[in-house]
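Visitor: Got a structure for you, written out below as structure tokens; questions coming shortly.
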Amino acid sequence: MADETFFNEQVKKYDINAVVFNVAIEDPLKARPFLIRLIQSDEWVPVYADGTISIFVRDNEVNKEVIKKYRINL
5 MADETFFNEQ
15 VKKYDINAVV
25 FNVAIEDPLK
35 ARPFLIRLIQ
45 SDEWVPVYAD
55 GTISIFVRDN
65 EVNKEVIKKY
75 RINL
């Protein structure tokens, strides 16, 4: 989470298509920079957030309908 390069390598290696993140459990000092990177990224789209859980999906054809229906515009 803290290492952007490692995260991006894992996304490619395992073809990660979504990130489900429990904001309430994670250390805010570690979680905040990670979430900001996802929010600012052109590759990830927030589709759910309730203050405890945040869900981001990759901006790709597979997630096109999910993004269309649930995208959170920040």
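Numbering (our numbering), first residue to last: 5 to 78.
Ideal Cβ placement from N, Cα and C applies to all residues, glycine included.
Owing to the predicted nature of the structure, the values given are computational and were not obtained by experimental measurement.
#1: When DSSP labels each residue in this structure, what does ALA6 get in the three-state scheme?
#2: By the DSSP assignment, the alpha helix (DSSP H) with VAL70 in it spans what residues?
#3: On the CB-based measure, 16 or more other CB atoms within 10 Å of its CB, does LEU39 come out buried or exposed?
#4: Pop quiz: ALA6 and VAL61 are said to be a contact at Cβ under 8 Å. What is the actual Cβ separation, rounded to whole angstroms?
#5: How about PRO37 and ILE43: do their beta carbons lie closer than 8 Å?
Guide: Quick look at the numbers:
#1: coil
#2: 68–74
#3: Per the 10 Å Cβ criterion, buried.
#4: Wrong, their Cβ atoms sit about 22 Å apart, outside the cutoff.
#5: Judged by their CB atoms, PRO37 and ILE43 are not nearer to each other than the 8 Å cut-off.
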